[in-house]
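**Q**
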Amino acid sequence: EDEMKDSYLRYSMSVIIARALPDARDGLKPSQRRILYAMRQLNLSPGGKHRKCAKISGDTSGDYHPHGEQVIYPTLVRMAQGWLMRYPLVDGQGNFGSVDGDQPAAMRYTEARLTHASVQLMEDLDKNTVEMVPNYDETKKEPTVFPSKFPM
C-alpha cells in the first residue's frame, strides 16, 4: 500500500511539473507552446490571414500534442482572451467567449492567427537559441522553451 502511495505521488508530481506548471523561462505550459509553434509552422503571422481553429487544433494534435484537438481548442481560446492573458498570444476572429463567462463558439466557426507578442516570444527560434527535441513520434522537432524577450 505504501509503495502504491509513493508511486502515485511521484507520478502525479512528474505530471504536474511536466504539463501543468508554466516554464519559468518563457511562462508557457507545453500545450500553449505547442499550439503557438504549430501556428508558426502554418505561417499564421499577425498581418496574414486567419485560419480555422479546427485546422490549428488538428495540426497541433497531429504533430506535437497527441491528446486530441478537444483538449487543445480550449487552450487556444484562453490565449485569445484579453481578459485572461497579460498579453494575448492569439488573435481570434469569431466568438471566443466573453468576460461574463459566455462559452466560445465551436472550433469550426472560429479562426485565429498569431499576435505580435507571440511572434516576439518565438523571434530567435531559427538561430539555435533553444534546444529542439523530437516530437512524440519522432517525425518533427519542437522547442523545449521559447527564446522570449519578455516575461509572460
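All the letters of the sequence shown, read from the start, carry residue numbers 1 to 152 under the UniProt record's numbering. Backbone N, C-alpha and C define an ideal beta-carbon position, used for all residues, glycine too. Predicted model, so just to flag it, every value in this text is computed and none were measured.
Mapping DSSP to helix, strand and coil, what is Glu142?
**A** Strand.
**Q** Given 8 Å as the limit, is there contact between the region 75–84 and the region 93–111, that is, 3 or more CB pairs closer than that?
**A** Yes, the region 75–84 touches the region 93–111.
**Q** Is the beta carbon of Arg108 closer than 7 Å to that of Ala54?
**A** Against a cut-off of 7 Å, the Cβ pair of Arg108 and Ala54 comes out as a contact.
**Q** Going by DSSP, which residues form a beta bridge with Glu1?
**A** Glu1 pairs with nothing; no bridge assigned.
**Q** Under the rule that 16 or more other beta-carbon atoms within 10 Å means buried, what is Val133, buried or exposed?
**A** When all chains shown are included, Val133 counts as exposed.
**Q** Could you pull the start and end residues of the beta strand (DSSP E) that Ala112 belongs to?
**A** Its beta strand (DSSP E) spans residues Glu111 to Leu114.
**Q** So, is Leu21 buried or exposed, given that buried needs 16 or more other C-beta atoms within 10 angstroms?
**A** Exposed: under 16 other Cβ atoms inside 10 Å.
**Q** Give me the Cα-Cα distance between Gly92 and Ala105, rounded to the nearest whole angstrom.
**A** Their backbone Cα atoms lie some 11 Å apart in a straight line.
**Q** Whose C-alpha, out of Arg25, Met13 and Met4, is nearest the C-alpha of Glu131?
**A** Minimum Cα distance to Glu131 is reached at Arg25.
**Q** Could you tell me whether the Cβ atoms of Ser61 and Tyr73 are closer together than 7 Å?
**A** No, the Cβ-Cβ distance between Ser61 and Tyr73 is not below 7 Å.
**Q** Using beta carbons (cut-off 7 Å, strictly below), is Tyr136 in contact with chain C?
**A** Protein chain content of the structure displayed is limited to a single chain, and chain C is not contained in it.
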